[in-house]
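J.: Shown below is the structure under consideration.
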Amino acid sequence: MEPPAVSGRIEAVAGPRRSEARFSDDPFRAVLRALAVLDPFRLAGALLFIAVWELASIFVSPIILPGPLSVLRRAATDFWSAPALSYYGVEDPSLAGNLAYTAENVAIAALIGAAIGVTLGLLSARVWFVRAAMDPIMMTAGTVPILIAAPFLLIWFGVGRASAVSLVAFYIVVILYVSSQRAALNLDSIYENYALTLGAHRGLMLRDILIPGTIPEILGGFRIALAGAWGLEAVSELLGSQSGIGKVLEVLAGATDPQGILATLLVLGCAAILTDALAATLIARFAAWRFAGS
Amino acid sequence: MPTETGRRMIELVHLARNYTRADGQRVSAVDDVSLIVPEGEFLCLIGPSGCGKSTLLQMMAGLVGPSSGAIVVDGKEIDGPGRERGMVFQRDSVFPWMRVIDNVEYGLKCRGVAAGARRDVARDYLKRVGLSHVERAWPRELSGGMLKRVAIAAVFANGGEVLLLDEPFGALDYVTRRQLQEVLLDLWEEPGRAVPNVVFVTHDVDEALLLADRIVAMRNGAIVDDIPVGAARPRDTDTLLVPDMVAIKHKLLGHLGLTHSALATASERGAA
Chain E
164 MEPPAVSGRI
174 EAVAGPRRSE
184 ARFSDDPFRA
194 VLRALAVLDP
204 FRLAGALLFI
214 AVWELASIFV
224 SPIILPGPLS
234 VLRRAATDFW
244 SAPALSYYGV
254 EDPSLAGNLA
264 YTAENVAIAA
274 LIGAAIGVTL
284 GLLSARVWFV
294 RAAMDPIMMT
304 AGTVPILIAA
314 PFLLIWFGVG
324 RASAVSLVAF
334 YIVVILYVSS
344 QRAALNLDSI
354 YENYALTLGA
364 HRGLMLRDIL
374 IPGTIPEILG
384 GFRIALAGAW
394 GLEAVSELLG
404 SQSGIGKVLE
414 VLAGATDPQG
424 ILATLLVLGC
434 AAILTDALAA
444 TLIARFAAWR
454 FAGS
Chain Z
3 MPTETGRRMI
13 ELVHLARNYT
23 RADGQRVSAV
33 DDVSLIVPEG
43 EFLCLIGPSG
53 CGKSTLLQMM
63 AGLVGPSSGA
73 IVVDGKEIDG
83 PGRERGMVFQ
93 RDSVFPWMRV
103 IDNVEYGLKC
113 RGVAAGARRD
123 VARDYLKRVG
133 LSHVERAWPR
143 ELSGGMLKRV
153 AIAAVFANGG
163 EVLLLDEPFG
173 ALDYVTRRQL
183 QEVLLDLWEE
193 PGRAVPNVVF
203 VTHDVDEALL
213 LADRIVAMRN
223 GAIVDDIPVG
233 AARPRDTDTL
243 LVPDMVAIKH
253 KLLGHLGLTH
263 SALATASERG
273 AA
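Protein sequences appear in the order of chains E and Z.
Here this note's numbering is used: the first residue of the first sequence is 164, the next is one more, and so on.
Here this note's numbering is used: the first residue of the second sequence is 3, the next is one more, and so on.
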C-alpha cells in the first residue's frame with residue numbers, strides 16, 4: 164500500500180500513469196515512471212516554444228526581442244546582483260532579494276487567506292446563519308475583478324506591504340471560501356453520523372471528519388489560488404511598491420529593457436512553477452486515500 | 003439469547019415520528035411504537051420498504067429525534083447518539099481517509115484510550131473478521147463485503163451494549179451475506195464478555211430467521227407482529243426447513259405483502 168507517485172500534476176496520480184507506481188521495484192518501470200513525471204509532451208511543448216522564440220529573435224532586433232539564451236544569462240547575473248536596480252530606486256539591487264520579498268508576501272497572504280477562507284467556508288456549510296451572512300459577500304466579491312479594489316486598498320494601507328498582502332489574501336479567501344464550502348456540502352453526512360455513533364463529539368468532528376474529508380478539494384482550490392496569487396502580487400507591486408518583482412518589472416519597463424523584463428519574468432515563472440509543484444506534492448500526500456484502489 | 007435476569011435493555015415508549023412533506027402533507031413514519039427488548043436479545047425488525055423500520059433504528063441511534071415518546075436504554079432516556087449504541091449503516095460509512103486499522107480504533111481514540119491499547123483491541127477485532135492482512139489499506143482498496151467487515155469490527159471494538167444494524171448486508175451477494183452473518187453471530191456470541199443487544203433491520207425473511215431470537219414485523223409505522231424464534235443455534239439453511247420455521251416464514255411473508263395465495267396466483271400467471 165505505498166502512496167501514489169508524487170509528480171508535478173495531480174492528474175498523474177489519478178490517471179493511468181499511477182499504475183506504474185505500483186511496480187517501482189522493476190527498473191524498466193522505474194524509468195518509465197521517471198519519464199512520466201518529466202512528461203515528454205510538456206517537455207516538447209517547452210522546447211517548441213523556445214525554438215520559435217530563438218527563431219523570431221534572429222529576425223527581430225535584440226532591443227525588441229532578446230534571444231532566450233541572452234535572457235537566461237541575464238537572469239543568472241541579475242539573480243544575485245543587479246546594481247542598475249538601485250539606480251532606478253529599487254531597495255534591493257538583486258532579483259533574488261525582490262523575489263524573496265514577493266514570495267514572502269505571497270506566503271503571508273496564503274496563510275491568512277487560507278485560514279480565513281477555509282474556516283468561513285467550512286462553517287458556512289454547517290451553520291446556516293454563517294452561510295446566509297457570508298454567501299452574498301463572497302459571491303459578489305467573486306464576480307468583481309479583485310484588482311479594481313487595489314486603489315482603494317492603497318488609501319487604507321498605503322504603498323507598503325500591507326496593501327499588496329491584503330489584496331492577495333482577499334483573493335485567496337474568496338477562492339478557498341467557495342471550494343471549502345463546496346467540499347463540505349459534498350461530504351456525505353453519513354460520515355458525521357457514523358462518527359457520532361462511535362462517540363465523537365463536536366470538536367473531534369472538525370478535526371477528524373470535516374477537515375480530512377474535505378482536504379483534497381480544499382487543496383485543489385488552494386493550488387488554483389496560489390497560481391493566481393503570484394501574478395496578483397506582482398501586479399499589485401506595480402502600483403507604487405518599493406520592492407518586489409512587480410516593482411522591478413515597472414522600473415525595467417520604464418528603462419525600456421526587454422531583456423531585463425524577460426529575465427525577471429523567467430525568475431517569477433520558475434518560482435510559481437516550484438510553488439505549484441509543492442502544492443501538488445501536498446495534494447498527493449493528503450489526498451492519497453481518494454485515489455487509492457482506482 | 004436473553005439472560006435469565008430478564009433486565010430490560012431497550013424500552014421504546016409510545017414512540018412516534020412525523021414528517022411534513024414539501025406539499026404540506028403530514029406523514030407518520032413511526033406511529034406509537036412500544037417495545038421492550040431484554041438484555042442480550044438479538045432482535046430483527048422486518049417489514050416492507052417504507053414501513054418505518056429504518057426511521058425507528060435511527061431514532062434508537064439518536065440520529066433522529068422522536069416527535070413524541072421516549073427511548074430508554076439501560077435505564078437512561080437517550081437524547082442523542084452515544085457510543086454505547088454502535089451502528090452499522092446500510093451504505094458504506096467507513097471513513098475513506100483513515101486506514102483500515104485507524105477506522106477500527108477510532109471509537110476508542112475518541113474516548114482517549116492510549117494508542118498502544120487501542121491498537122491491540124483493533125488488531126484483535128480485525129483478526130476476528132479476517133482482515134489482518136489489510137490493516138494498512140485504504141478503504142477504497144477494499145470490496146463491499148470487506149468494508150462491512152471493517153464496520154462490524156469497528157462497532158465491536160468500541161464495545162457498545164447495543165448494536166444497531168440497518169440492512170447492513172442488503173447490497174451484498176448471497177455468499178458474502180452468509181459469511182458476514184456468521185461473522186456477526188460469532189462476535190455476538192463471543193464468550194467472556196456481556197452479550198450485546200442487537201437490533202437488526204432487514205427485509206430478508208431468511209436472514210431474520212437465521213439470526214434472530216425474536217422477529218418484530220412492522221407495517222405503516224406500527225408493529226403488526228412479534229414472533230419469538232425458538233430454533234437452537236447454530237442455525238443453517240436446513241434449520242429454515244423445520245416446520246416451525248416454515249410457519250413463521252409464511253407469517254412474515256404475509257406481513258411483507260406476499261400472501262401464499264398471491265404468490266400462487268403470480269406463479270400460475272408466470273407459468274401460463
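Note that CB positions come from ideal geometry on N, CA and C, so glycine has one too.
Give a yes or no on contact between the stretch 254 to 267 of chain E and the stretch 402 to 415 of chain E, applying the rule of three or more CB pairs nearer than 8 Å.
T.: In short, these stretches touch, since the Cβ pair count reaches three.
J.: Looking at the structure shown, is Y251(E) part of a helix, part of a strand, or coil, going by DSSP?
T.: coil
J.: Where does D206(Z) fall in DSSP's three states?
T.: coil
J.: In terms of alpha-carbon separation, which member of R87(Z), C46(Z), A139(Z) and V207(Z) lies closest to H252(Z)?
T.: V207(Z)
J.: Could you tell me the alpha carbon to alpha carbon distance between G230(E) and V322(E), rounded to whole angstroms?
T.: 35 Å
J.: Among the candidates N356(E), I311(E) and D439(E), whose CA atom is the shortest distance from the CA of G64(Z)?
T.: N356(E)
J.: Taking only runs that begin and end inside the stretch 214 to 261 of chain E, name each unbroken alpha helix (DSSP H) of 4 or more residues, in chain order.
T.: 231 to 243 and 246 to 250
J.: So with CB distances below 9 Å, who are the chain Z contacts of I353(E)?
T.: F91, R93, D94 and S95
J.: In this structure, does DSSP put S30(Z) in helix, strand or coil?
T.: strand
J.: Going by beta-carbon coordinates alone, are L382(E) and A450(E) separated by less than 8 Å?
T.: For the pair L382(E) and A450(E), the CB atoms are nearer than the 8 Å cut-off.
J.: Might you give, ordered along the chain, the residues of its own chain that have their beta carbon closer than 7 Å to the beta carbon of L415(E), omitting 5 neighbours on each side?
T.: G423, I424 and T427
J.: Mind checking who R19(Z) pairs with in its DSSP beta bridge?
T.: R19(Z) is bridged to V32(Z).
J.: Assuming R85(Z) and R113(Z) form a contact by the criterion Cβ under 8 Å, report the distance between their Cβ atoms to the nearest whole angstrom.
T.: 7 Å
J.: What are the uninterrupted segments assigned as alpha helix (DSSP H) that are 4 or more residues long and contained completely in the stretch 254 to 315 of chain E, given in chain order?
T.: For the stretch 254 to 315 of chain E, the continuous alpha helix (DSSP H) assignments of 4+ residues that do not extend past its boundaries occur at 258 to 289 and 291 to 306, in sequence order.
J.: Which residues of chain E have a Cβ atom closer than 9 Å to the Cβ of R142(Z), listed in chain order?
T.: W452, R453, F454, A455, G456 and S457
J.: Inspect the CB distances between the stretch 214 to 222 of chain Z and the stretch 35 to 44 of chain Z and report whether three or more fall short of 8 Å.
T.: yes
J.: Between which two residues does the beta strand (DSSP E) holding L2(Z) run?
T.: No answer is possible for residue 2(Z): the residues shown for chain Z start at 3 and end at 274.
J.: Under 8 Å between C-beta atoms, does N121(E) make it to chain Z?
T.: Residue coverage of chain E in this structure runs from 164 to 457, which leaves residue 121(E) outside it and unanswerable.
J.: Is the distance from the Cβ of L59(Z) to the Cβ of L37(Z) below 8 Å?
T.: no
J.: From the DSSP output, which residues share a beta bridge with P170(Z)?
T.: According to DSSP, P170(Z) bridges with nothing at all.
J.: With a threshold of 7 Å on Cβ separation, who are the neighbours of F158(Z) within its own chain once the five nearest residues in sequence on each side are excluded?
T.: Taken in chain order, the residues that qualify are Y127 and L189.
J.: Need the endpoints of the alpha helix (DSSP H) that S159(E) sits in, please.
T.: A question about residue 159(E) goes unanswered here, because the residues of chain E that appear run from 164 up to 457.
J.: Keeping to the same chain, check which residues put their C-beta closer than 6 Å to that of A142(E); ignore five residues upstream and five downstream.
T.: What the structure shows of chain E is the stretch from 164 to 457, and residue 142(E) is not part of that stretch, so it cannot be assessed.
J.: Would you verify that the beta carbon of G194(Z) is, or is not, closer than 8 Å to some beta carbon of chain E?
T.: no
J.: Just to confirm the assignment, what range does the alpha helix (DSSP H) spanning I338(E) have?
T.: R324 to N349
J.: Let me know the secondary structure DSSP gives D227(Z) once reduced to three states.
T.: strand
J.: Could you have a look at V39(Z) and say whether DSSP puts it in helix, strand or coil?
T.: strand
J.: In three-state DSSP terms, what is Q422(E)?
T.: It is helical.
J.: Looking at G109(Z) and N160(Z), is the spacing between their C-beta atoms short of 8 Å?
T.: yes
J.: Please confirm whether T444(E) has its beta-carbon closer than 8 Å to some beta-carbon of chain Z.
T.: no
J.: Would K150(Z) count as contacting chain E if we go by Cβ distances under 8 Å?
T.: Judged by the 8 Å Cβ criterion, K150(Z) is not in contact with chain E.
J.: For M100(Z), does the three-state DSSP call read helix, strand or coil?
T.: coil
J.: Look up R87(Z) in the DSSP assignment and give the residues it is bridged to.
T.: V164(Z)
J.: Under 8 Å between C-beta atoms, does F186(E) make it to chain Z?
T.: With a pLDDT of 41 at F186(E), under the threshold of 50, the modelled position of that residue is not reliable, and the figure given next carries that caveat. It does not; no Cβ of chain Z falls within 8 Å.
J.: Could you check where the beta strand (DSSP E) with G71(Z) kicks off and where it finishes?
T.: S70 to V75
J.: Which residues of the stretch 62 to 75 of chain Z have a Cβ closer than 8 Å to any Cβ of chain E? Give them in chain order.
T.: Hits within the stretch, in order: A63, G64 and L65.
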